[in-house]
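S.K.: This is the structure I have questions about; it appears just below.
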Amino acid sequence: MLFLLLRLLSVVQLASASNKEFSFGRLLESNQYLIISQLNCHTTFESRVEDGCPRAVFIPSKDYLSRVNCNFPVRVHLVRDPENKRPPRALYIGQDNHKKTIAFVEDIKEFTIYDYSYQLLYLVNGRQRENYRCTVLWLSNLFPDANDNPVLDKRHFADFPMHDNNRARFGWTEDPYNHVVYYATANGGVTTVYVLPMNRLLSAFQEGAHGEVFYFFDNTNRILMSMTSRVIFTHESEKDHTTVYIRSFANVSETATGVACRFLKDAENVDSLAQFSFVIVRDWDYCRLRDGPSANPSSCAREREQWLLKEGIVTSPVDWWLGVLLMSVIILVTVLISLVFQPLFYKAVSNFSCNKFDI
């Protein structure tokens, strides 16, 4: 299993005309993002996906993958600086033992979770076997200075058996921006997604603690691919094509808003979809990658705010105050009308008589 820690470089692709009906930025509610997708050893960096499908979900040709000579899954994790001083880095984990690897540990078949706050990497293996275990490693030297040894350091932190409740759970992924973990279960034709605070992860692994139901979908033909940064990727196979659906968790209780990417069905491609690993770098982290040493947090926040206003996702303070002023005027006029007409109403009532009579 390799640990490959790399500095991230922003690669801008697919810049096209803005579409206010839909854009990937509107899905994320930000124009500052970098999508990193990993399929085996094939990595895609992409930003500014305006009104089309991100290349991140396109599967490279069989010939290309054969030339890369990498047929094992590689997972990517976003390593954020806990002190929030340095740009993020990417941690790649896969089965390899070549000279370019930074560290090597035993093979991991199931999934990995990285908690950047405590620099803990959870390696889980053996869900289908009796020996279902989790190994926790503490990682250091993640952000070495220019004169430091660039080799990633890892230390054994814990090792324990997984609670049996976790055998029915899959799709574990961390959200480094919201400090939560997602996982899913499948039952009766429905896949249910749960959310769990990152600080409850050990309780889930060791004691079987449950997360909260967050989202669900019919899994008759649809399969979960990945979840990251409040975005869910699923794919659905039909007769002659496969469709990848991407939608935001921000509006799970509302009408679905997202993108559907359709391509011709290929048996090998469909199998590869389950091996995709996604990371989305966004907002201030993205600005630090894009602008380097000249990155400014105030300018970055202002750029995003102006974009949100332009797209109509939020309203300006001026519009808000105009709304408050208009409402105040309406209330004031209503009060004045009631004060003017109230005496006339009571006068009319005082002149009204009601006499009892028999029918």
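For the sequence shown, the positions run -17 to -1, 1 to 342 when mature numbering (1 follows the signal peptide of the UniProt record, and there is no 0) is used.
Ideal Cβ positions, reconstructed from N, Cα and C, are used throughout, including at glycine.
#1: Helix, strand or coil, according to DSSP, for R150 in the structure here?
#2: Measure the alpha-carbon distance for Y105 versus S13 and round it to whole angstroms.
#3: By how many angstroms is the C-alpha of E113 removed from the C-alpha of V297?
#4: Answer yes or no: do T211 and D158 have a C-beta to C-beta separation smaller than 8 Å?
#5: On a CA-only basis, which of I42, P180 and T174 is nearest N202? Give me that one, please.
#6: From what residue to what residue does the alpha helix (DSSP H) around S282 run?
#7: Measuring CA to CA, which of G8, R9, I18 and A73 is closest to S209?
#8: S260: beta carbon under 7 Å from a heavy atom of the ligand PLP?
#9: Does the pairing of the stretch 138 to 149 with the stretch 188 to 196 give three or more beta-carbon distances under 8 Å?
#10: Do you know offhand how far V313's Cα is from I320's?
#11: Can you check whether the CB of Y75 is closer than 8 Å to the CB of Q62?
#12: Spatial neighbours of E195 within its chain, please: CB distance less than 8 Å, with the 5 preceding and 5 following residues excluded, ordered by chain position.
#13: Sorted by chain position, which residues of the same chain lie with C-beta nearer than 6 Å to I229's C-beta, five sequence neighbours on each side aside?
#14: Does DSSP put A145 in a helix, a strand or coil?
#15: Whose CA, out of T317, M310, G295 and S311, lies closest to the CA of G8?
#16: Given this structure, state the Cα-to-Cα distance separating D131 from H224, to the nearest angstrom.
#17: Ends of the alpha helix (DSSP H) at R9?
#18: Is T174 helix, strand or coil by DSSP?
M.R.: Answer, in terms of the structure:
#1: helix
#2: 30 Å
#3: 52 Å
#4: yes
#5: T174
#6: P280 to E294
#7: I18
#8: Absence of the ligand PLP from the depicted structure is noted, as is the absence of any ligand whatsoever, leaving it without description.
#9: yes
#10: Contrary to the premise, residue 313 reads as Ile rather than Val in this sequence. Cα to Cα, I313 sits roughly 11 Å from I320.
#11: Going by the sequence as given, residue 62 is Val instead of Gln. No; because the gap between Cβ atoms is not below 8 Å, this pair is not in contact.
#12: Y177, V178 and L179
#13: F216, G241 and V242
#14: Here residue 145 is Met; the residue named in the question, Ala, does not match the sequence. It is coil, neither helix nor strand.
#15: G295
#16: 50 Å
#17: F7 to L11
#18: strand
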